[in-house]
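Working notes for the structure below.
Protein chains in written order, with my numbering: chain A, 96 to 336; chain B, 96 to 336; chain C, 96 to 336.
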């Protein structure tokens, strides 16, 4: 199974082109669009989302993940990471720091292989998709990769104390693991105090609350209303505990 | 085949997570996104759309359908319905009333099974997806279900005389079966009178008309223009005949 | 493999219904959403995009393509085109002119077959999907098609000197093949002069440039900014060289 998480947007041909590249190598591959709208220019936010949302997938899943503010600048090493029994493929700009942090046995490789045709601006299709397809087929393309030192977990953050994602309903997903936050904590976001509730139904319509979402992250929501609008919140806004 | 119809929005990880749950049980399942943008908070509108749009699918199709204004309130019984040779899985909040109305042999079950891990806020992934996957594999998980009385068809409505959906082009899909409306009927919506035309090409550019859409519902449209903008219409607006 | 490129929008049931029609004939078919947001009412723009983006797909790929300003007017012949070893199915309104232009051995057929149930407004589902499914299965439904003369390539344009598509990032994709434009050319769009850069990283943040995108088309972009907003550009705007 290959899971796509990118900032390419839902529109346009990009996701389809990546899938076509995968299917040409492995026509029976099961491909899932997890996120097509990861926040542009926020690899740290994406890193916390990937670490939380990858947890329900089976061992061996390949996550192809791209959020890259420096398209075409060649400043980020293309990487493969093995962590928690799964594979992660994408630019080495911190996207995989949180999954590495969580598994002390993580391994990292630089993708040294280059395909015959490599566009400047579309490494997801030309470089990452072929590597992901090989991994999904169960083969490890050793000659295309150089083992490199994994970053020291002690140097990596566990949580991202900011708004990491805003969903369709206006719910604000943070990069904070809920298990780190006592239930009587009051959060501060955009100048407002926000208390815990177990779920939507326990709050008055329009009332703000925080809860543990179905992937274990602190999420700030409002019953039948958009927390994003009520708070005028944006990706990257600080959440104080 | 499993057909997804939800109000989760196209963005974000929700549809992908539901698919991942299905594929883990039945990797070869064919999954179709029918609606990802059913109108939030309008289960009656969704009920009329599902009844109309399910008709072109083969016997045995499993419809996983969610529009649930009471997320996490536990007020809606999780349900399985068999009607017209197909399966419907979702919250028991009226979503399946119209498919039940149409088949006098409809059967209903309460989902009594609970998975080991059940989030408060994501029954589609944790509860409905595993049930849908079993039904799609052709097995009937009797021990997870309690037969319950189907609602009396006489108590259920056939039509929803309102705007049920607004599409990409600004066309207004109603919840009214076109076969119930004589072609010389003039509809009233948002204070404007709207006459019948067979199709777009028969009207002047910008002119409003109603016609029978390709799924048998009354649809209000304008040639090369957005009927929604011309009428300033919204989901739930009354249509008078 | 069937590749869908339409102006149906990402929302709503249309793409799902087309896929359902295909899967009912060929359940194992690999279907890729390439474009769901081709520019409405601009078949010429779509023609240049299809010609550029079809090039990375394998021989035998079936492209089901719809941009049809005249829905239900019956003025466009439903067509099948064979060009460059691939199949193209859709309305005969110029959508396939550029792929025909490129292959002197192109062949064209009028779809003379009509299914038992054919809606006025949804030929993609009722007419094109069944034909595409047969072609994808490797069978050529000769009795459903009438060979017709392909248009004279000399009468067809190679390039579309306008904005053909605006992506999620605000990049402006033209219908101009980059190999036809010397790198020292200065483009004019919306009254501004735009010079070449190899890629995003070579420009100051916010600076406009043109480059060859990963599908060989001239694309106008800005580093970390939306070229569409900076120029206030729209689909169909002229690009002067």
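Ideal Cβ positions, reconstructed from N, Cα and C, are used throughout, including at glycine.
Among the options, the one whose alpha carbon lies nearest that of residue i
| i | options | result |
| --- | --- | --- |
| residue 182(C) | 171(C), 203(C), 189(C), 163(C) | 203(C) |
| residue 93(B) | 212(B), 99(B), 259(B), 329(B) | The structure shown does not extend to residue 93(B), since chain B is modelled only from 96 to 336, so the question has no answer here. |
| residue 296(B) | 320(B), 102(B), 121(B) | 320(B) |
| residue 336(B) | 270(B), 317(B), 283(B) | 283(B) |
| residue 234(C) | 121(C), 125(C), 145(C) | 121(C) |
| residue 104(B) | 145(B), 135(B), 127(B) | 135(B) |
| residue 307(B) | 154(C), 200(C), 216(C) | 216(C) |
| residue 251(B) | 197(B), 155(B), 180(B) | 197(B) |
| residue 63(B) | 112(B), 157(B), 110(B), 304(B) | Since the displayed chain B opens at 96 and closes at 336, residue 63(B) lies outside it and no answer follows. |
| residue 142(B) | 237(B), 248(B), 264(B), 188(B) | 188(B) |
| residue 268(C) | 200(C), 145(C), 214(C), 242(C) | 145(C) |
| residue 314(A) | 270(A), 242(A), 299(A) | 270(A) |
| residue 155(B) | 113(B), 241(B), 180(B) | 180(B) |
| residue 186(C) | 281(C), 237(C), 161(C) | 161(C) |
| residue 303(C) | 257(C), 147(C), 190(C), 266(C) | 266(C) |
| residue 298(C) | 318(C), 236(C), 281(C) | 318(C) |
| residue 332(B) | 126(B), 137(B), 211(B), 113(B) | 137(B) |
| residue 244(C) | 201(C), 301(C), 147(C) | 201(C) |
| residue 112(A) | 147(C), 214(C), 300(C), 256(C) | 147(C) |
Sheet register partners of residue i (DSSP bridge)
| i | result |
| --- | --- |
| residue 202(C) | 177(C) |
| residue 101(B) | 161(B) |
| residue 320(A) | 317(A) |
| residue 257(B) | 333(B) |
| residue 251(A) | According to DSSP, which records beta bridges pairwise, residue 251(A) is partnered with nothing at all. |
| residue 307(B) | 313(B) |
| residue 297(C) | Paired residue(s): none; residue 297(C) is not in a bridge. |
| residue 287(C) | 284(C) |
| residue 187(C) | Answer is none; residue 187(C) lacks a bridge partner. |
| residue 270(B) | 255(B) |
| residue 182(A) | 157(A), 177(A) |
C-alpha gap between residue i and residue j, whole angstroms
| i | j | result |
| --- | --- | --- |
| residue 291(B) | residue 209(C) | 25 Å |
| residue 339(A) | residue 231(B) | An answer regarding residue 339(A) cannot be provided, because it is not within the stretch 96 to 336 covered by chain A. |
| residue 272(A) | residue 254(A) | 7 Å |
| residue 176(C) | residue 115(A) | 21 Å |
| residue 323(B) | residue 278(C) | 46 Å |
| residue 309(A) | residue 326(C) | 42 Å |
| residue 259(C) | residue 334(C) | 10 Å |
| residue 262(A) | residue 107(B) | 6 Å |
| residue 119(C) | residue 101(C) | 20 Å |
| residue 96(C) | residue 117(B) | 23 Å |
| residue 239(C) | residue 227(C) | 12 Å |
| residue 173(A) | residue 149(C) | 27 Å |
| residue 221(A) | residue 110(A) | 13 Å |
| residue 337(B) | residue 305(B) | Residue numbering for chain B in the displayed model covers 96 to 336; residue 337(B) lies beyond these limits and cannot be assessed. |
| residue 293(B) | residue 274(A) | 59 Å |
| residue 199(A) | residue 242(A) | 16 Å |
| residue 171(C) | residue 264(B) | 20 Å |
| residue 212(B) | residue 127(A) | 22 Å |
| residue 256(B) | residue 190(B) | 16 Å |
| residue 281(C) | residue 287(C) | 10 Å |
| residue 236(A) | residue 236(C) | 42 Å |
| residue 124(A) | residue 225(B) | 21 Å |
| residue 300(B) | residue 214(C) | 21 Å |
Expected contact under 8 Å - CB spacing of residue i and residue j to nearest Å
| i | j | result |
| --- | --- | --- |
| residue 219(C) | residue 129(C) | Not confirmed; about 14 Å, so no contact. |
| residue 192(B) | residue 246(B) | 7 Å |
| residue 184(A) | residue 223(A) | 5 Å |
| residue 195(A) | residue 178(A) | 6 Å |
| residue 289(C) | residue 140(C) | At roughly 19 Å, the Cβ-Cβ gap does not stay under 8 Å, so residue 289(C) and residue 140(C) are not in contact. |
| residue 285(B) | residue 328(B) | 5 Å |
Residue i: CB within 7 Å of a non-hydrogen atom of the ligand NAD
| i | result |
| --- | --- |
| residue 174(B) | No copy of the ligand NAD occurs in the structure displayed, which carries no ligand at all. |
Going residue by residue through the stretch 104–130 of chain B, where are the continuous beta strand (DSSP E) segments of at least 3 residues, counting only ones entirely within it? Here the runs fully enclosed are 126–130.
Residue ranges of each alpha helix (DSSP H) run of no fewer than 4 residues wholly in the stretch 210–245 of chain A, ordered along the chain? Annotation note: the stretch 210–245 of chain A contains the following uninterrupted alpha helix (DSSP H) runs of length 4 or greater, listed N- to C-terminal: 224–231.
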